[in-house]
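K.L.:
Protein chains: 4
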Amino acid sequence: MELTETQRQELAEAEAQRHETRRPVSPGLEAMLFRPLPVLDHGFVRVVDYMGDDSAVVQAARVSYGRGTRAANEDRGLIRYLMRHRHSTPFEMCEIKYHVKLPIFVARQWIRHRMANINEYSARYSILDREFYLPAPEQLAAQSAVNRQGRGAVLEGDQAAHVLDLLREDATRNYDHYLEMLNEDAEGRVIEEGRTGLARELARMNLTLNAYTQWYWKADLHNLLNFLALRADSHAQYEIRVYADAMLDTVKAWVPLVHEAFRDYRQGAVTLSAQMLAVVRGIAAGADPRQEGSGLSKREWRELMAMLGREA
Amino acid sequence: MELTETQRQELAEAEAQRHETRRPVSPGLEAMLFRPLPVLDHGFVRVVDYMGDDSAVVQAARVSYGRGTRAANEDRGLIRYLMRHRHSTPFEMCEIKYHVKLPIFVARQWIRHRMANINEYSARYSILDREFYLPAPEQLAAQSAVNRQGRGAVLEGDQAAHVLDLLREDATRNYDHYLEMLNEDAEGRVIEEGRTGLARELARMNLTLNAYTQWYWKADLHNLLNFLALRADSHAQYEIRVYADAMLDTVKAWVPLVHEAFRDYRQGAVTLSAQMLAVVRGIAAGADPRQEGSGLSKREWRELMAMLGREA
Amino acid sequence: MELTETQRQELAEAEAQRHETRRPVSPGLEAMLFRPLPVLDHGFVRVVDYMGDDSAVVQAARVSYGRGTRAANEDRGLIRYLMRHRHSTPFEMCEIKYHVKLPIFVARQWIRHRMANINEYSARYSILDREFYLPAPEQLAAQSAVNRQGRGAVLEGDQAAHVLDLLREDATRNYDHYLEMLNEDAEGRVIEEGRTGLARELARMNLTLNAYTQWYWKADLHNLLNFLALRADSHAQYEIRVYADAMLDTVKAWVPLVHEAFRDYRQGAVTLSAQMLAVVRGIAAGADPRQEGSGLSKREWRELMAMLGREA
Amino acid sequence: MELTETQRQELAEAEAQRHETRRPVSPGLEAMLFRPLPVLDHGFVRVVDYMGDDSAVVQAARVSYGRGTRAANEDRGLIRYLMRHRHSTPFEMCEIKYHVKLPIFVARQWIRHRMANINEYSARYSILDREFYLPAPEQLAAQSAVNRQGRGAVLEGDQAAHVLDLLREDATRNYDHYLEMLNEDAEGRVIEEGRTGLARELARMNLTLNAYTQWYWKADLHNLLNFLALRADSHAQYEIRVYADAMLDTVKAWVPLVHEAFRDYRQGAVTLSAQMLAVVRGIAAGADPRQEGSGLSKREWRELMAMLGREA
């Protein structure tokens, strides 16, 4: 994440500005505003704007509950109640906007979350930066033997070095050929006078999927939490999870009560199927149930036992 | 729009607060924040929060255009370009939240705009206010003879008085019976000790469609403009148009450049069908085209002539 | 649910038609097509069209899994896996369209599900039927004393009769006044020649919320299941639950494997918060945990004990 | 677009099947079902399923218009009316599902249309085909000098050959290295026993943006037309336009009346801003307006004159 001098100056100016507002303010998030949180080797996430705070969730819920409940509940209890019962509309009343720099293959996963607003840097108009993601050595994982979408042991020695060489050389060469076809350098200056460059919308197809792009991404708090529930999770691919982890830190600073409820009722929660519940009720009644006859597959059984802290 | 003492106090407190923020601020909208703009006889619209301003649209667009255009365009020109070419995503980067009090039959039209977040006051939990919409005399229109969804001449004299009597009496009686069934008064106090009240979720069905409800309604600027293009328009029913008109005033205060572009390229714009365009080209070439053979229906022909300021 | 002769004939014609198609067909749902399933006193749900079946879910999932898994999984297992892990996109590949007749206050709850397509009968253009919902005696429930949104004991005797009288008389009177203001009867015939009728878009505001409306409602299977998870549930208001129950029957006929997975992994499933899980792990390890110190509120504790089949 | 023997067989089976259904059928689209329409060098679009036809639009609109209009309008007129006045909800009642094979950089544009359902072939699970898009010689365009997002003259001779060589060599080499890192061939067979392959979710980042992916893409007719209005248009990039053109052919076969209305009121239509309309009214009144003082920029003036078939 190397910023140009101009970008550094713009960030400093944005951070320095102070305005007076009547709107509610989240002190925790104000302190993080505009600062890029580094992610991967060249990426970042930074909060560009936000609307609302914990109390905005409460305020919206009370319109729908009306005056009767106003006195009865205090804010934390109400937020926990809403999270637990998946009353999602009050969380939609907060909004946040990020500027993100990320590899294209991560962007392709990310964009599957449709309930968000996006403006992406366009390679039809502009030239992409000469930056590509190269995994850190400890992330150079083999295909998992047991999980079709997971990672296994880390590659080592010559093999790891070879893979990194291929990734670096291919990305670099393809980027250099991209500029050559454009007949422009990374700052848009003509390389060879008199030679015609290929259209940008075509030349970009030579780039690799680990090239970095960037976008403005805006979502309401409910949809952001849905995104984080999936992506700040051990089943998510590492390269998107690190973005989600950084965003989770901004949520904690922004809406601490919502963050706590999210941790207890979403991140730390588990769902038991009808069959799993029957097994748990059996255990609670002193029985010693077994996989056979439980209606659970072996895999579900193993998962349930792991959940309960038992040997499968 | 009669506020209780408590509500008046809450509004005054909200208006009095001042915070420091690094976020961009719209001075025009800050001045309007929290104040109810009266609409119809008991309704209002008030801005509760917002995010972004004219420059947020520009900033988002420039991520997607990239550094090359940064110098070339100035903000107003870029915003007009985006509006004209219906590049909608940069407008999605601004967000606004309203608190609205409105008759239920207006709420039923309004909610057809799905791209918004809503928290409505719930009559399952709470008791609605004793307020119903009664049209002003000049709004007591007859069914239009030519337009199935329009209004004709205004009713007058005895007939108008009779209609107003019916509306007032029926709404009042039904509301009183609603309380009677609940065995509660409008403040939720038991009317007759020892008598059981009907469940709120049932009793509400006795209310009329001109009873007032209220909600928090939040949308991004793009979807808000879509709403206003349809509802702040002469074809919209008067009772929703007055809400849209009030909201348009808030847009003007909030994002003046966007508002100006909206006026020129959406509100004041017309669309010509392929056949209409052919007629206009004929006129521009000095011909004197007629409806017969134009491919336009009589109605379309009349509309085109009206657009052009000609006799049909 | 009284159909006119014309409507009866249209239904009979629709049911009688047979076409040849290359598209997949759901035999179970074909048998139910077009037939109104009666709901409440005058309402109905009927399937008007559909797209896809169980195998469409599998087919879509296998594009995203690719050739490797093709042989390994059989359809039922894959559908259960997708449901369990909340992989929602394959379920979005099936679509269903209903024609529904329902009271307006139910329609107002229903429409909060935004991820659907709706065309509602418009009272701006047309005259509504003379039909309103009157609860059956066993549904005339008092407000619950413990649950702000629930029902308590059933009203009886004089009190029940009185409530029903009020509901019937108010709805009838208001409807009659609606026609009087329109100066039209329910079939749109002028009542009194020479008198001007109030515009339909205005007169409708005199109707009560138990008047019936109707709409076409279309959703994909994923969003339909979200709707059913909330509305075919004991926490939903009775008057919308009976619609959801009827729709659940159509889902069972349409996509039996999806229906079975929905029952096991959504309807019959429970979610344990982080704190609840800790309690359950304690029980599984032989401990006898108590509410104090568990991090659970009394209400959550009671719920957990009920889930486990234990005394609280 | 080379299909494997298995794929060819699956297609033949799908095409051969015949079922009986009560649902409406579109004969024109039935004839195209399942058949891949070739697009670009290795891509295709094929219709996999559909729901509804022209009459479904009419049927839905008439619920919202009610019985009164039933006799007055005939189908074609009503569909044209709806299209002209942008009444979009009746068009949402039809649905279509495509299977598409397309280059990744096209997929990245396409997916910006959020109102659709997608299941994409996953390179986390599976190995992509050894196919990449190489522009045909007449598509090897230079960057436009006047339009930042357009194409200029076609590259020729050595330069064109050199660009094609770079694209082909880079894509091929990167794909081969992708397999080498995976230690698998394109069919998933291990290349070198005993060597550990890199995880698929990582190796894919070495692919170029002209590699082909595939997905199931489903949308309702309203959102499909929005997609086609933007993408089957001369301003769209050629590589996505050819997909949109093929899809437009399927729309014509499926809903001929809707297609005709779309052509007249969307594709062939133009929008005049408030200022443009003033100029046109001037011309219609016999004046000879000029750019100065018109409120139009030079670019807008040129566009208007071109629209009117006049010299700028």
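Protein chains in written order, with the UniProt record's numbering: chain A, 1 to 312; chain B, 1 to 312; chain C, 1 to 312; chain D, 1 to 312.
Virtual Cβ for every residue (Gly too), placed ideally from N, Cα, C.
Nothing here was measured: the structure is a model prediction, and the numbers come from that model.
1) Looking only at C-alpha atoms, which of Arg266(C), Trp254(C), Tyr212(C) and Ala253(C) sits nearest to Arg231(C)?
2) Please name the residues in the stretch 271–282 of chain A whose beta-carbon is closer than 7 Å to at least one beta-carbon of chain C, in chain order.
3) For the pair the stretch 160–176 of chain C and the stretch 135–143 of chain C, tell me if three or more CB-CB distances fall below 8 Å.
4) Looking at residue 322(B): is its Cβ nearer than 9 Å to the Cβ of Glu131(B)?
5) Taking the DSSP output, what are the residues bridged to Tyr265(C)?
6) If we call anything under 9 Å between Cβ atoms a contact, is Phe34(C) one with Val45(C)?
7) Which of the three DSSP states is assigned to Glu131(B) in this structure?
8) Residues bridged to Arg151(C) by DSSP?
9) Using only CA atoms, which one of His19(C), Trp110(C) and Thr4(C) lies nearest to Asn226(C)?
10) Which one or two residues does DSSP pair with Met51(D) in a beta bridge?
11) Thinking C-alpha only, which one of Lys298(C), Ser26(C), Gln9(C) and Arg84(C) is nearest Glu303(A)?
12) Run down chain B in chain order and give the residues with a C-beta less than 9 Å from the C-beta of Met32(C).
13) Considering only C-alpha positions, which residue in the set Met93(A), Glu120(A), Leu277(A) and Gly157(A) is nearest to Asp218(B)?
14) Run the CB neighbour count on Ile104(D), radius 10 Å, all protein chains shown included, and call it buried at 16 or more, exposed below.
15) Measure the CB-CB distance between Leu78(C) and Ala61(C) and report whether it falls below 9 Å.
16) Quick check: what's the CA-CA separation for Asp249(B) versus Glu95(B)?
17) Taking a contact to mean a Cβ-Cβ separation below 9 Å, would you say His19(A) touches Glu20(B) in this structure?
18) Could you check whether the Cβ of Asp170(A) sits closer than 9 Å to any Cβ belonging to chain D?
19) Residue range of the beta strand (DSSP E) that Ile118(A) falls in?
20) Given that a residue counts as buried once 16 or more other Cβ atoms are within 10 Å of its Cβ, and exposed if not, what is Asn3(A)?
21) So Ala199(D) packs on Ala142(A), CB below 8 Å; how close in whole Å?
22) Should Phe105(C) be flagged as near chain B, meaning a C-beta pair shorter than 9 Å?
23) Within the continuous alpha helix (DSSP H) that includes Glu180(D), where are the two ends?
24) Taking Cβ positions only, does Tyr216(A) come closer than 9 Å to chain B?
25) Terminal residues of the continuous beta strand (DSSP E) containing Val39(D)?
26) Would you list the residues sitting across from Val270(B) in a DSSP beta bridge?
27) Which whole-angstrom value is the C-beta distance of Thr208(B) and Thr208(C), which I expect to be below 8 Å?
28) Pop quiz: Arg195(D) and Asn183(D) are said to be a contact at Cβ under 8 Å. What is the actual Cβ separation, rounded to whole angstroms?
29) For Gln214(A), list the residues DSSP reports as bridge partners.
30) Compare the C-beta of Gln9(B) against all C-beta atoms of chain D and say whether one is closer than 9 Å.
31) With distances taken Cα to Cα, identify the nearest neighbour of Tyr216(C) among Val58(D), Glu13(D) and Leu179(D).
32) Which same chain residues, not among the five before or five after Ala56(A), have their C-beta less than 6 Å away from its C-beta?
33) Buried or exposed, going by whether 16 or more other CB atoms sit within 10 Å of the CB of Arg70(B)?
34) Consult DSSP for Phe227(C) and reduce its assignment to one of helix, strand or coil.
35) Sort Ala14(A), Ser273(A), Leu179(A) and Gly52(A) by Cα distance to Pro24(A) and report the nearest one.
36) Distance, Cα to Cα, Asp176(C) vs Gly28(D)?
P.N.:
A quick look at the data gives this:
1) Taking the first residue of the third sequence as position 1, residue 231(C) is located at position 231. Among Arg266(C), Trp254(C), Tyr212(C) and Ala253(C), the Cα nearest to that of Arg231(C) belongs to Arg266(C).
2) For the stretch 271–282 of chain A, the set of positions with a beta-carbon nearer than 7 Å to some beta-carbon of chain C reads Thr271, Leu272, Ser273, Ala274, Gln275, Leu277, Val280 and Arg281 in chain order.
3) Pairwise C-beta distances place the stretch 160–176 of chain C in contact with the stretch 135–143 of chain C, as three or more of them are shorter than 8 Å.
4) For chain B, the structure presents residues 1 to 312; residue 322(B) sits outside this window and is missing.
5) The sequence position of residue 265(C) within the third sequence is 265, counting from 1. Beta-bridge pairing by DSSP links Tyr265(C) to no other residue.
6) Taking the third sequence and counting its residues from 1, the one referred to as residue 34(C) is at position 34. Taking the third sequence and counting its residues from 1, the one referred to as residue 45(C) is at position 45. Taking 9 Å as the Cβ cut-off, Phe34(C) and Val45(C) do not qualify as a contacting pair.
7) Locating residue 131(B) in the second sequence gives position 131, where the first residue counts as 1. DSSP, read as helix, strand or coil, puts Glu131(B) in coil.
8) Walking along the third sequence from the start, residue 151(C) turns up at place 151. In the DSSP assignment, Arg151(C) is bridged to Gln143(C).
9) Counting from one through the third sequence, the residue named residue 226(C) turns up at place 226. In this structure, Trp110(C) is the residue among His19(C), Trp110(C) and Thr4(C) with its C-alpha nearest to the C-alpha of Asn226(C).
10) The count along the fourth sequence starts at 1 and reaches residue 51(D) at position 51. DSSP, once it has assigned bridges, lists Glu95(D) as partnering Met51(D).
11) The sequence position of residue 303(A) within the first sequence is 303, counting from 1. Residue nearest to Glu303(A) within the set Lys298(C), Ser26(C), Gln9(C) and Arg84(C) is Arg84(C) (criterion: CA-CA distance).
12) On the third sequence, position 32 is the one that residue 32(C) refers to. Under the 9 Å cutoff, chain B gives no residues; its nearest Cβ is about 28 Å from Met32(C).
13) Numbered from its first residue, the second sequence carries residue 218(B) at position 218. It is worth fixing the name first, because residue 218(B) is Lys in this sequence and not Asp. Looking at the Cα atoms, Met93(A) is the closest of the given residues.
14) Indexing the fourth sequence from 1 puts residue 104(D) at position 104. A residue is called buried once 16 or more other Cβ atoms fall within 10 Å of its Cβ, and Ile104(D) is buried on that count.
15) Residue mapping note: residue 78(C) aligns to position 78 of the third sequence, counting from 1. Residue mapping note: residue 61(C) aligns to position 61 of the third sequence, counting from 1. Closer than 9 Å, so yes.
16) In the second sequence, counting from the first residue as 1, residue 249(B) sits at position 249. In the second sequence, counting from the first residue as 1, residue 95(B) sits at position 95. Whole-angstrom Cα-Cα distance: 16 Å.
17) Here residue 19(A) corresponds to residue number 19 of the first sequence, with the count starting at 1. Here residue 20(B) corresponds to residue number 20 of the second sequence, with the count starting at 1. Yes, the pair counts as a contact, with Cβ atoms nearer than the cut-off.
18) Locating residue 170(A) in the first sequence gives position 170, counting from the first residue. Judged by the 9 Å Cβ criterion, Asp170(A) is in contact with chain D.
19) Reading the first sequence from its first residue, position 118 is the one you call residue 118(A). Residues Asn117 to Glu120.
20) For the purposes of this step, residue 3(A) is identified with residue 3 of the first sequence, where counting begins at 1. Contrary to the premise, residue 3(A) reads as Leu rather than Asn in this sequence. Exposed is the call here.
21) Sequence index remark: in the fourth sequence, residue 199(D) carries index 199 (1-based). Sequence index remark: in the first sequence, residue 142(A) carries index 142 (1-based). The pair is a contact, with the Cβ atoms about 6 Å apart (cut-off 8 Å).
22) One-based indexing of the third sequence puts residue 105(C) at position 105. Yes, because at least one Cβ of chain B sits closer than 9 Å to the Cβ of Phe105(C).
23) Residue mapping note: residue 180(D) aligns to position 180 of the fourth sequence, counting from 1. Per DSSP, Glu180(D) belongs to the alpha helix (DSSP H) from Gly157 to Leu182.
24) Translated into the one-based positions of the first sequence, residue 216(A) becomes position 216. For Tyr216(A), a Cβ of chain B is located within less than 9 Å of the residue's own Cβ.
25) In the fourth sequence, counting from the first residue as 1, residue 39(D) sits at position 39. Residues Leu37 to Val39.
26) Sequence index remark: in the second sequence, residue 270(B) carries index 270 (1-based). Val270(B) pairs with Leu272(D).
27) Locating residue 208(B) in the second sequence gives position 208, counting from the first residue. Locating residue 208(C) in the third sequence gives position 208, counting from the first residue. About 6 Å separates the two Cβ atoms, so the contact holds.
28) On the fourth sequence, position 195 is the one that residue 195(D) refers to. On the fourth sequence, position 183 is the one that residue 183(D) refers to. 5 Å between Cβ atoms; contact.
29) For the purposes of this step, residue 214(A) is identified with residue 214 of the first sequence, where counting begins at 1. Gln214(A) has Lys101(A) as its beta-bridge partners, per DSSP.
30) Walking along the second sequence from the start, residue 9(B) turns up at place 9. Taking CB atoms only, Gln9(B) has no neighbour in chain D less than 9 Å away.
31) As a first step, residue 216(C) is located in the third sequence; it is residue number 216 there, counting from the start. Its Cα nearest to that of Tyr216(C), the residue Val58(D) stands out among Val58(D), Glu13(D) and Leu179(D).
32) The sequence position of residue 56(A) within the first sequence is 56, counting from 1. Within its own chain, the residues whose Cβ lies closer than 6 Å to the Cβ of Ala56(A), once the five positions on either side in sequence are excluded, are Met93 and Cys94, listed in chain order.
33) Against the second sequence, residue 70(B) aligns to sequence position 70. Bear in mind that the predicted position of Arg70(B) carries a pLDDT of just 46, short of 50, making it unreliable; the figure below should be weighed with that in mind. With fewer than 16 Cβ atoms within 10 Å of its Cβ, Arg70(B) is classed as exposed.
34) In the third sequence, the residue the question calls residue 227(C) occupies position 227. Reduced to three states, the DSSP call for Phe227(C) is helix.
35) Within the first sequence, the letter at position 24 stands for residue 24(A). Looking at the Cα atoms, Gly52(A) is the closest of the given residues.
36) Start at 1 with the first residue of the third sequence, and residue 176(C) comes out as number 176. Start at 1 with the first residue of the fourth sequence, and residue 28(D) comes out as number 28. Going from the Cα of Asp176(C) to the Cα of Gly28(D) covers about 49 Å.
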